Amino acid sequence: MVKRKLDTAQILSCLQALADQSWLKRSERRWWPRFVFHYTDVRNAAKILQEGCLHCRNYLEEAHQPTVDSGSPRVLAGTATSAKHYVRLYFRPKTPTQYHIEGIRTIDQITPLHAHCPVPVFFLFDSNAILTRADCQFSDGNLASPRAQRLSTAAELENLPWARIYHTGPFDPHQDSDIT
Numbered sequence: 003m004v005k006r007k008l009d010t011a012q013i014l015s016c017l018q019a020l021a022d023q024s025w026l027k028r029s030e031r032r033w034w035p036r037f038v039f040h041y042t043d044v045r046n047a048a049k050i051l052q053e054g055c056l057h058c059r060n061y062l063e064e065a066h067q068p069t070v071d072s073g074s075p076r077v078l079a080g081t082a083t084s085a086k087h088y089v090r091l092y093f094r095p096k097t098p099t100q101y102h103i104e105g106i107r108t109i110d111q112i113t114p115l116h117a118h119c120p121v122p123v124f125f126l127f128d129s130n131a132i133l134t135r136a137d138c139q140f141s142d143g144n145l146a147s148p149r150a151q152r153l154s155t156a157a158e159l160e161n162l163p164w165a166r167i168y169h170t171g172p173f174d175p176h177q178d179s180d181i182t
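Sequential numbering of the sequence shown, starting at 3, is according to the numbering used here.
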């Protein structure tokens with residue numbers, strides 16, 4: 003049996019309140035609060051489906067399990083080892099990182115960070131089931147950044163900048179340098 007957080011009811015209430023927001027309810031994003039998302043290369047996805055399990059980066063490296071790595075070597079080198087003990091899930095599809103790394107590309111078209119995921123496959127997980135797990139944490143940004151904080155409570159979830167997280171379209175880089 004999966005252990006649940008003490009503030010499970012508040013987390014569920016927060017997610018429902020988010021889904022009920024008029025700015026979200028009237029948009030193509032209305033279904034996003036129901037899920038947390040994981041994307042990976044199609045070859046990794048096949049292995050995940052065969053095993054029925056999603057593993058963190060450190061587990062895969064320690065077990066010497068071959069995977070197709072779509073992460074940037076430079077970004078990963080600067081990421082704390084502790085952050086790699088978690089499976090990376092996102093609050094939304096269409097992340098900025100995904101935009102820069104997905105698709106069939108020539109060597110010249112791969113970004114300077116050398117990250118590439120030619121054929122991404124998305125897994126959608128029930129946000130209620132995941133975010134209420136006692137062992138679940140989330141962050142207010144990319145854990146590769148030293149500014150990102152690990153969070154876990156309903157109050158912290160509620161205080162995330164949801165309009166920015168679920169924003170679609172361009173940001174002014176001079177005003178919005180800290181996109182979540």
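Quick reminder that beta carbons are idealized off the backbone N, C-alpha and C, glycines included. The structure displayed is predicted, hence computed values, not measured ones.
How long is the line joining the alpha carbons of residue i and residue j, rounded to whole angstroms?
i    : j    : result
S129 : A150 : 21 angstroms
L14  : R94  : 17 angstroms
P35  : Y88  : 21 angstroms
H118 : P98  : 13 angstroms
K49  : Y101 : 24 angstroms
T83  : A19  : 35 angstroms
C58  : G105 : 23 angstroms
D110 : R90  : 28 angstroms
N161 : R152 : 13 angstroms
R166 : F127 : 21 angstroms
E53  : S72  : 20 angstroms
E64  : K86  : 11 angstroms
L51  : M3   : 22 angstroms
D187 : T108 : The chain is shown only over 3 to 182; residue 187 falls outside these bounds and no answer can be derived.
C16  : L159 : 7 angstroms
T10  : H66  : 36 angstroms
L8   : R28  : 32 angstroms
Y168 : Y92  : 11 angstroms
A146 : T81  : 4 angstroms
S141 : F39  : 14 angstroms
S154 : P68  : 31 angstroms
L56  : P148 : 25 angstroms
Considering only their Cβ atoms, is the gap separating residue j from residue i smaller than 8 angstroms?
i    : j    : result
V77  : L115 : yes
A156 : Q12  : yes
What first and last residue would you give for the alpha helix (DSSP H) that runs through residue i?
i    : result
L133 : S129 to L133
N144 : Counting along the chain, N144 falls outside any alpha helix (DSSP H), and DSSP gives it neither H nor E.
R76  : P75 to A79
K27  : S24 to K27
Y92  : Per DSSP, Y92 belongs to no alpha helix (DSSP H) and is neither H nor E.
T113 : Where T113 is concerned, there is no enclosing alpha helix (DSSP H), given that its DSSP letter is neither H nor E.
Q100 : P98 to I103
N60  : R59 to E64
A165 : W164 to I167
What is the DSSP secondary structure of residue i, counted as helix, strand or coil?
i    : result
D40  : Residue identity check: residue 40 is His in the sequence provided, not Asp. In the structure shown, H40 sits in a strand (DSSP, three-state: E or B).
C16  : helix
R6   : strand
R32  : coil
L56  : coil
L159 : helix
Exercise. With a cut-off of 8 angstroms, do at least 3 Cβ pairs link the region 118-133 to the region 39-59?
Worked result: Contact between the region 118-133 and the region 39-59 is present, because at least three Cβ pairs lie under 8 angstroms.
Exercise. If you pair each beta-carbon of the region 16-36 with each one of the region 135-154, do three or more pairs fall below 8 angstroms?
Worked result: With a cut-off of 8 angstroms on Cβ pairs, the region 16-36 is not in contact with the region 135-154, counting fewer than three such pairs.
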